[in-house]
Each structure stands twice: as structure tokens, then as C-alpha cells.
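Take a look at the structure set out below.
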Ligand code: COA
Ligand code: NAP
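In the working numbering, the protein residues as written are 51 to 310.
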């Protein structure tokens with residue numbers, strides 16, 4: 051797909067799934083800005099993205115800090131132009147049963163994932179191309195499936211998908227589309243290192259996926275590029291699982307994989 055000179059901002063873009071998305075846009079000709087905390091990770095990611103020849107901007111900041119997010123988005127628009135694509139994928143995750151989870155532990159994940167997504171979208175609003183911009187929020191099956199040890203993530207991701215639907219309604223008149231992608235287990239990511247830390251749990255997760263495999267970064271970036279393309283121009287407010295059918299297995303299968 052051709053995204054030549056389009057402007058793409060990826061919150062949480064310095065590693066994993068979000069970096070995979072940023073790189074796919076860079077490969078398709080886009081100018082890409084990434085935003086996350088660790089300056090070291092950002093520097094390595096920027097080198098990786100610059101290999102594709104387009105302009106790359108990187109900003110160190112926390113999605114919980116509205117001012118930091120706002121400044122990064124304003125600078126991106128000033129240097130590269132209005133945003134064609136916004137990806138909100140910064141997140142934190144760990145397994146912890148609710149009875150052991152502190153209030154601050156719950157709040158921390160909700161603040162990064164849910165408040166962070168609102169901050170990114172709200173701060174981007176003045177800089178979105180209208181009409182034409184496309185927003186992708188990164189969610190998970192925990193949005194609609196109850197998963198033990200994940201009350202913080204289930205609450206945060208469900209909230210994100212309600213933001214997707216609500217703002218698709220509010221912003222549709224401006225020609226801005228908003229969708230969520232819910233990845234299944236993706237190989238080689240920090241998220242799965244945390245949720246499947248042993249070979250036994252990797253096997254259990256694999257058995258829980260109807261297609262019987264983990265996904266690859268490209269499975270997610272292909273879906274993101276398609277959702278932001280002209281081919282998906284009439285799609286908004288959708289939560290798209292890209293998960294090999296994992297969510298069809300239900301809470302029980304995921305719960306057993308989580309502790310297996
Ligand atoms: N189990 C239970 N509680 C935990 C925890 C764990 N594994 N890790 C952190 N917490 C709690 C802390 O105890 C603290 O609560 P307290 O003050 O009541 O003790 C609270 O969460 C905040 O921890 P802190 O380390 O200060 O948060 P942070 O903002 O520096 O980091 C995290 C956020 C915890 C989500 C961290 O794991 C992170 O930065 N993750 C990003 C990468 C990631 O998770 N990638 C996968 C994406 S799916
Ligand atoms: P990852 O590599 O840890 O990516 C998380 C990114 O967000 C990093 O760039 C991280 O960089 C950044 N980030 C974290 N906290 C931040 C904060 N407070 N402010 C700004 N940036 C922050 O994890 P991943 O596994 O690829 O997950 C990416 C997304 O996919 C997440 O939304 C996750 O919930 C979702 N997902 C993943 C899977 C999977 O299989 N991995 C499955 C379903 C859904 P810093 O830490 O340097 O800030």
C-alpha cells in the first residue's frame with residue numbers, strides 16, 4: 051500500500067507491535083513520529099525506521115502527561131503537516147489477581163492504557179487531517195472477555211473500545227475514522243513475555259488459538275495499514291480482532307493459558 055509522504059504518529063511506537071506498525075507505514079513511504087518513555091529505545095527505533103528513507107521524529111514522554119503528548123503532536127504537525135494516521139498503543143501489563151493488586155497498580159495500568167488513549171486522541175484532535183485522518187487504538191481480547199489476573203487490563207481495554215466507538219460517532223462528521231485492533235498473542239513481544247513466561251504457558255496459549263499459532267508483527271501491521279487505507283474508507287467504530295480466532299475460545303481457554 052502507498053502512504054507516500056503521509057504523516058503518521060504512533061504513541062508507544064518504540065517497540066513491539068506498535069513499532070511493527072510504525073515500520074510498515076515507513077516502508078510504505080510515510081513520515082513517522084514515535085512517542086514513548088525510554089530515550090534509549092526511541093533512539094534504536096528511530097534508526098530502524100529511518101532505514102526506509104522517510105523523515106522520522108521521536109519524542110520522549112509519558113502518555114499520562116497530557117502536556118508532553120500535546121507538545122509532541124504540535125511539533126509533529128508543525129514539522130510534517132496534519133496527521134493522516136494516529137496510532138495509540140502505549141500500554142502496561144502484568145499478571146496479578148485482583149485480591150493482591152494494589153489500588154495504585156490498578157490505577158497505573160488504567161492511566162497508561164485508557165487515560166493515555168484519551169490524552170493522545172484529545173491532543174491530536176486539532177492536528178488531524180479533516181477529512182481523511184484515520185485513528186487506530188490498540189486493544190485486546192481482554193476488552194470483552196473476562197480474564198483472571200487481568201482486571202486492570204480488562205477494565206482499561208474495555209474503556210478504550212468505548213472511546214473508539216464514542217469518538218467514531220462524535221468525530222465522524224469531520225471525516226475522521228476511528229477503529230480498534232485487538233491483537234492475539236504476538237510472537238517475540240514484551241506483552242507475551244509477561245503473559246506467557248514459560249514454555250508450558252506458550253504451549254497453552256498456542257492451543258487456545260484456533261489457528262494454532264502465535265501471530266507475527268506483520269499480521270497486525272497489515273491490518274493497521276488496510277484499516278487506514280482507502281479500501282477501508284467506510285469502516286469506523288469497529289473493534290477488529292486480529293487473533294487467529296483466540297477470542298472465540300472464550301475466557302476459560304485464555305484463563306487456563308494465563309496460568310498454564
Ligand atoms: N504485580 C502487581 N503489581 C505491580 C506489578 C506486578 N507485576 N508491577 C507493578 N505493580 C504495581 C506497583 O507495585 C505499584 O503499585 P504500589 O505503589 O501500590 O506498590 C504500581 O503498580 C505502579 O508501579 P510502577 O513500577 O511505579 O509503575 P510504572 O509507571 O513505572 O510502570 C508498569 C508501569 C508497572 C505497567 C511497567 O510494567 C511498565 O512500564 N510496563 C510497560 C511495558 C509493558 O507492560 N509492555 C507490555 C504491554 S502489553
Ligand atoms: P511493548 O513492546 O512493551 O510496547 C509498549 C510500548 O508503549 C513501548 O514503546 C513502551 O515504551 C510504550 N509505553 C509504555 N508505557 C508508556 C507510557 N506510560 N507512556 C508512553 N509510552 C509508553 O508491548 P507489546 O507487547 O508490543 O504491546 C503493544 C500493544 O499491543 C499494547 O497496547 C498491548 O496491550 C497490545 N497487545 C499486545 C499483545 C501481544 O501479544 N503482545 C496482545 C494483545 C494486545 P517505554 O516503556 O519506553 O515507554
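Backbone N, C-alpha and C fix where the C-beta goes; we use that ideal spot for every residue, glycine too.
Beta-carbon separation (whole angstroms), residue i vs residue j, contact threshold 8 Å
| i | j | result |
| --- | --- | --- |
| residue 136 | residue 174 | 5 Å |
| residue 81 | residue 57 | 6 Å |
Any non-hydrogen atom of ligand 1 closer than 7 Å to residue i Cβ
| i | result |
| --- | --- |
| residue 230 | no |
| residue 146 | yes |
| residue 162 | yes |
| residue 158 | yes |
| residue 154 | yes |
| residue 240 | yes |
Proximity test, residue i beta-carbon vs ligand 2 heavy atom, cut-off 7 Å
| i | result |
| --- | --- |
| residue 88 | yes |
| residue 65 | yes |
| residue 171 | no |
| residue 143 | yes |
| residue 106 | no |
| residue 257 | no |
| residue 308 | no |
Continuous beta strand (DSSP E) stretch holding residue i: start and end
| i | result |
| --- | --- |
| residue 228 | 227-233 |
| residue 109 | 106-110 |
| residue 59 | 57-61 |
| residue 188 | 184-188 |
| residue 137 | 135-138 |
Extent of the continuous alpha helix (DSSP H) run through residue i
| i | result |
| --- | --- |
| residue 68 | 66-77 |
| residue 81 | Element bounds for residue 81: not the alpha helix (DSSP H) but the beta strand (DSSP E), 81-86. |
| residue 116 | 116-130 |
| residue 97 | 89-100 |
| residue 210 | 201-221 |
| residue 168 | 166-174 |
| residue 154 | 153-160 |
Reference residue i; option with closest CA among the options
| i | options | result |
| --- | --- | --- |
| residue 74 | 237, 59 and 150 | 59 |
| residue 300 | 198, 269 and 130 | 198 |
| residue 227 | 251, 181 and 202 | 181 |
| residue 230 | 273, 262 and 195 | 273 |
| residue 169 | 269, 302, 139 and 93 | 139 |
| residue 171 | 254, 159 and 188 | 188 |
| residue 122 | 282, 61, 241 and 80 | 61 |
| residue 241 | 223, 264 and 225 | 264 |
| residue 178 | 194, 221, 151 and 160 | 221 |
| residue 267 | 280, 248 and 236 | 236 |
| residue 163 | 148, 212 and 151 | 212 |
| residue 103 | 86, 79, 114 and 204 | 79 |
| residue 205 | 150, 258, 216 and 143 | 143 |
Problem - Length at least 4, wholly inside the region 230-309: the alpha helix (DSSP H) runs in chain order - result: Here the runs fully enclosed are 240-245, 249-258, 267-277 and 296-309.
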